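Enquirer:
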Amino acid sequence: MSLNIIVLAKQVPDTRNVGKDAMKADGTVNRAALPAIYNPEDLNALEQALRIKTKFEGTQVHVLTMGPVRAAEIIRESMYRGADGGYLLSGREFAGSDTLATSYALAAAIRKIGKVDLILCGRQAIDGDTAQVGPQVAEKLGLPQITYAEEILHISESEVTVKRRLEKGIETVKGPLPILITVNGSAAGCRPRHAKLTLKYKNAKTVSERQASSTDYTELFETHPYLDIPEWGASDIEHEPQWLGLAGSPTKVKQIESVVFTAKESKRLTPADNEIEDLIKELITNHTIG
Amino acid sequence: MNYYNNNPALKFQLSHPLMQKIVTLKEQNFSEKDAYDHAPRDFEDAIDNYERVLEIIGEICHDIIAPNAESIDQEGPQVINNRVQYARGTQENHEALTQAGLYGISLPRKYGGLNFPIIPYVMAGEMVSRADAGFANIWGLQDCAETINEFADEDIKAEFLPRVCQGETCSMDLTEPDAGSDLQAVRLKATYDEREDIWYLNGVKRFITNGDAHIKLVLARSEEGSTDGRGLSYFVADNNFDHTIKVRRIENKLGIKGSPTCELVFTNTPAKLVGTRRLGLIKYVMSLMNGARLGVGGQSVGVSQAAYDEALAYAKDRKQFGKAIIEFPAVYEMLSLIKAKLDASRALLYETSRFVDVYKAYEAIEATRKLTPEERTDYKEYQKLADAFTPVLKMFSSEYANQNAYDSIQIHGGSGFMKDYACERIYRDARILTIYEGTSQLQTVAAIRHVTTGNYLKQIRYYEAQPINPEFHSLRKKLITMTNLFETATNRVLDAQNPEYTDFQARRLVEMAGHIIMTYLLIIDASRDDMFRKSAEIYQKFAEVEVRKHATFIKNFEIDQIDKYKIG
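Top to bottom, those sequences are chains A and B.
For the first sequence, the residue numbers in the numbering used here are 1 to 290.
For the second sequence, the residue numbers in the numbering used here are 1001 to 1568.
1) Ser-963 of chain B: which of B:Ile-1435, B:Arg-1369 and B:Ile-1411 sits nearest, CA to CA?
2) Can you pull the chain A residues whose beta carbon is under 9 Å from the beta carbon of Arg-1163 of chain B, in chain order?
3) Please list, in chain order, the chain B residues whose beta carbon lies closer than 7 Å to that of Arg-193 of chain A.
4) Can you name the residues that DSSP bridges to Trp-1199 of chain B?
5) Please confirm if Thr-130 of chain A has its CB atom under 9 Å from at least one CB of chain B.
6) List the residues of chain A whose Cβ lies closer than 7 Å to the Cβ of Ile-1060 of chain B, in chain order.
7) Using the beta-carbon count (16 or more within 10 Å), is Tyr-226 of chain A buried or exposed?
8) Anything in chain A within Cβ reach of Arg-1052 of chain B, meaning under 7 Å, just list it in chain order.
9) Suppose you measure from the CA of Ile-1072 of chain B to the CA of Asp-1132 of chain B; what does that come to, to the nearest Å?
10) Output, in chain order, the set of chain A residues within a Cβ distance shorter than 7 Å of Glu-1551 of chain B.
11) If you measure between the beta carbons of Leu-1107 of chain B and Ala-1145 of chain B, is that distance less than 9 Å?
12) Look at the alpha carbon of Glu-282 of chain A and the alpha carbon of Glu-139 of chain A, and state the distance between them as a whole number of angstroms.
13) Would Ala-1009 of chain B pass as an interface residue toward chain A - the criterion being a Cβ-Cβ separation below 9 Å?
14) Mind checking whether Leu-292 of chain A and Leu-3 of chain A have CB atoms under 9 Å apart?
15) By the three-class DSSP mapping on this structure, what secondary structure does Asp-1238 of chain B have?
16) Would you call Ile-1511 of chain B buried or exposed, if buried means 16 or more other Cβ atoms sit within 10 Å of its Cβ?
17) Quick one, which residues of the stretch 1021–1038 of chain B are near chain D if we go by CB-CB under 7 Å, in chain order?
18) From which residue to which residue does the alpha helix (DSSP H) around Thr-1570 of chain B run?
19) Is the stretch 1229–1240 of chain B touching the stretch 1189–1203 of chain B in the sense that three or more CB pairs, one from each, lie closer than 8 Å?
20) How far does the beta strand (DSSP E) with Leu-89 of chain A in it extend, from its first residue to its last?
21) Does the separation of the CB atoms of Tyr-1314 of chain B and Tyr-1421 of chain B fall below 9 Å?
22) Who are the Cβ neighbours of Asp-1317 of chain B in its own chain at under 8 Å, not counting the five residues just before and after it?
23) Tell me which same chain residues have a C-beta within less than 7 Å of the C-beta of Gly-58 of chain A, skipping the five on either side of it?
24) Specify, as a first and last residue, the run of the alpha helix (DSSP H) that Pro-40 of chain A falls within.
25) Which chain A residues sit within Cβ distance under 7 Å of Ala-1096 of chain B?
26) Hey, how far is the Cα of Gly-1454 of chain B from the Cα of Ala-1447 of chain B?
27) So what does Arg-1083 of chain B bridge to, in DSSP terms?
28) State the DSSP-derived secondary structure class of Ala-131 of chain A, mapped to helix, strand or coil.
29) From Ile-170 of chain A to Leu-118 of chain A, what distance separates their C-alpha atoms?
30) According to DSSP, is Asn-4 of chain A helix, strand or coil?
31) Between Ala-109 of chain A and Tyr-80 of chain A, how many whole angstroms is the CB-CB distance? I'm expecting something under 8 Å.
32) In chain order, which alpha helix (DSSP H) runs of at least 4 residues are fully inside the stretch 1399–1450 of chain B?
33) Would you decide whether Val-1451 of chain B is buried or exposed? Buried here means 16 or more other CB atoms lie within 10 Å of its CB.
34) When DSSP builds the beta bridges, which residues end up paired with Gly-175 of chain A?
35) If you check the beta carbons only, do Leu-1485 of chain B and Val-1547 of chain B fall under 9 Å apart?
36) Is Leu-989 of chain B close to chain A, meaning its C-beta is less than 9 Å from at least one C-beta of that chain?
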């Protein structure tokens, strides 16, 4: 059995350990201050895909990402960990996409890729936290979907069994292939980069990256064609312009507020149940948690 | 965070001028670039490869191995049905390194290795040890594969080496209850079965690190009736876990608790001969031992680094009398001395590794073609330097790891004595370093002949002639004075022509040489990068006092005073 798997991945600013200069004065994310990383839950999704590849020889895992040219880094990162390759969807037509326009573009790219048995992606990205893109892609492709997956327990050519992690427990469900699955952060972490694959693919580049580099890659890419990371612009996918980028994005940001915590005083609690309960209520009320 | 990226001293060592020669020899002019997609095309490509792989290791060390160290220390391995079961964290570490393809990194590509030189391999060992010195043993025993690669027949190589690259672990089974430092006394018996054309092993081994490994290199007595080292041969045994090799017990140790130290019973264990009969101890074990001593050098530097990391973090954080304790002279002096000893032993570690790299690369070339006379001279020169530097490295780096771990606890004060801080584990883990793979006392025995033959002095004079930053000329002047003291002391001892007297003073003479060498290395390094300036200056002051101390002792010592030291 050999499956064609697509992993949807996103390069995001690392918002997990933010410092003082994480936000700009106007309330937008200061991308320069935050390193660009592989969205953590997309790595969980990649691991699920690689496990299937390990088990079923001939299975192909490709990563699809939409973003600026530098987002090719996460395709390379995926190849270091065992993916067969990837596709970068890039171009100014995609700029300003909300989840609707993003899922429209990704769905079009998946149609172009062709036969796909399984699409895996992280539950949500740490910059937007919407958890919308996966389900929207499934809808646009007319595929069934399973969300909040923690583990793919079993897969055959026609069916997949998935353990879902829900708020109040776990649920085991089956679904027919082809299908889209969003993977939870509680799933197994991704395997490390493999030494030999890292050395093999370290020069993998998109055409834009090659053009921007001072090194001449012509000869290397002629003898090592696997180093080419396909880069698609809007003209490479079937689309209607009004659904792409800013035009296709009904979500408008009304206002951004930069919240700076100012409370300096600490509060002492005794380990009594009612005090802890009160604290939890307070934190829920002021939206610190929940 | 990454143990490679956060330590610029490692990257610095990769930029040493000798790297060009090492890489060119090792890659034999990049002849494999078309045969393997992970082979480098040129020098820069090779260095970039090393860095990328070291980054992977550095990440695994920081993210997986270091966080697991504490639970492994508490849980330890167990014996279940005569088999070793690693602690949970050990299994995780091993799995991560296997998944990342980080076993067999110095083995040839045709067996699945990365064909890396010793330098990046030692760096990897240093980082793994910084994360968990006990686990470093299990990972570091891939050294055994080096011995197989160097001395075994092609069919043995083809059988075992690819398995090492896939993550099967190794052990080197030398020690027995009555054969510790004196390996000539090994008794485990090897009997040849002519009909089956196979050897069988019978007997007991003790203190065997990772004793339940998949692949075992065993020193055994193959020549019936013999009693010395010339009756010993070297064997490779495939541990089929079929109870021909039983783990009788795991020692309960002071430190490196995650590394299972086993007592083993061999009962008709089938084995294959490595290389030639009778050369087991005198050739192969000596070679393996040199590799292992270099490994302990890397392990020691890793432990020193860990001790320094912990001490520095605590001294910055801990406030007493209204300020961080790092601001008190007694504490900052201790910290900067830890750092100086760390930097000094690391400089020595990579200098030694470079010598080993050059001569090993020639050795590999020699297996494929005849060396030119110039190459041969060069080969022998580097081999001699490697032989001279390895015992000094092993002795100093392991002693410094202990001193640094001791001072790290001291800086922690009462808290350091509690199990709450990592420094107490580091202190316990450090303790074995001056003992195994040859005690410091035995390193002195190996090193003293390079004092008497003048090898150290010759190399010291070579360093003396190296171009350095003019700002360090005054330090060099002091080093020349120290070198003269060393020479005078050496002559005084040798003039007596009394072997026992030489042995008595050996440690002092070897230490004098070591202090001078390390100071030179730091000054040369500081001339290339200012980050070593402080350590160069501080270590020189420390070394000068140590050299003068030994010089005074030797100068004031009369040969007949030895008797005063004899007890019983």
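Glycine included, C-beta positions come from ideal geometry on N, C-alpha and C.
Predicted, not measured: the structure shown is a model, and the values here were computed from it.
Expert: Straight from the coordinates:
1) This structure cannot speak to residue 963 of chain B, because chain B is shown only from 1001 to 1568.
2) Within 9 Å Cβ-Cβ: nothing; Arg-1163 of chain B doesn't reach chain A, min ~16 Å.
3) Near Arg-193 of chain A (Cβ distances below 7 Å), the residues of chain B are Ile-1056 and Ala-1100.
4) Looking at the DSSP output, Trp-1199 of chain B bridges to B:Tyr-1192 and B:Ala-1271.
5) Under the 9 Å criterion on CB atoms, Thr-130 of chain A is classed as non-interfacial with respect to chain B.
6) Per Cβ cutoff of 7 Å: Pro-192.
7) It counts as exposed.
8) Near Arg-1052 of chain B (Cβ distances below 7 Å), the residues of chain A are Thr-198, Leu-199 and Lys-202.
9) Approximately 9 Å, taken between the alpha carbons.
10) It is worth fixing the name first, because residue 1551 of chain B is Ala in this sequence and not Glu. Under the 7 Å cutoff, chain A gives no residues; its nearest Cβ is about 49 Å from Ala-1551 of chain B.
11) Yes, Cβ-Cβ distance for Leu-1107 of chain B and Ala-1145 of chain B is below 9 Å.
12) Between the alpha carbons of Glu-282 of chain A and Glu-139 of chain A lies a gap of roughly 38 Å.
13) With its beta carbon at least 9 Å from every one in chain A, Ala-1009 of chain B lies outside the interface.
14) Any answer about residue 292 of chain A is impossible in this case: the structure gives chain A only from 1 up to 290.
15) Looking at Asp-1238 of chain B - three-state DSSP - the assignment turns out to be strand.
16) Contrary to the premise, residue 1511 of chain B reads as Glu rather than Ile in this sequence. Glu-1511 of chain B should be labelled buried.
17) Absent from the structure is chain D; the protein chains it does hold are A and B.
18) One cannot answer for residue 1570 of chain B here, as it falls past the ends of chain B, which runs 1001 to 1568.
19) At 8 Å Cβ cutoff, the stretches touch.
20) Here the beta strand (DSSP E) through Leu-89 of chain A covers 85–89.
21) Their beta carbons are under 9 Å apart, which means Tyr-1314 of chain B touches Tyr-1421 of chain B by this criterion.
22) Excluding sequence neighbours, Asp-1317 of chain B sits near Ala-1324.
23) Taking C-beta separations shorter than 7 Å and ignoring five residues to either side along the sequence, the partners of Gly-58 of chain A in its chain run Ser-2, following chain order.
24) 40–55 is the extent of the alpha helix (DSSP H) around Pro-40 of chain A.
25) Contact of Ala-1096 of chain B with chain A by beta-carbon distance below 7 Å involves Pro-192.
26) Looking at the backbone, the Cα of Gly-1454 of chain B and that of Ala-1447 of chain B are separated by about 11 Å.
27) BP columns for Arg-1083 of chain B point to B:Ile-1080.
28) Ala-131 of chain A falls in the coil class under three-state DSSP.
29) Rounded to whole angstroms, Ile-170 of chain A and Leu-118 of chain A show a C-alpha spacing of 22 Å.
30) Asn-4 of chain A: strand per DSSP, three-state reduction.
31) Actually they are not in contact, since the Cβ atoms of Ala-109 of chain A and Tyr-80 of chain A sit about 22 Å apart, beyond 8 Å.
32) Taken in chain order, the complete alpha helix (DSSP H) segments of 4 residues or longer contained in the stretch 1399–1450 of chain B are 1414–1417 and 1423–1430.
33) With at least 16 other beta carbons inside 10 angstroms of its own, Val-1451 of chain B counts as buried.
34) Answer is A:Val-160, bridged to Gly-175 of chain A.
35) The criterion of a C-beta distance shorter than 9 Å is satisfied by Leu-1485 of chain B and Val-1547 of chain B.
36) Because residue 989 of chain B is not part of the residues shown, which for chain B are 1001 to 1568, the question remains open.
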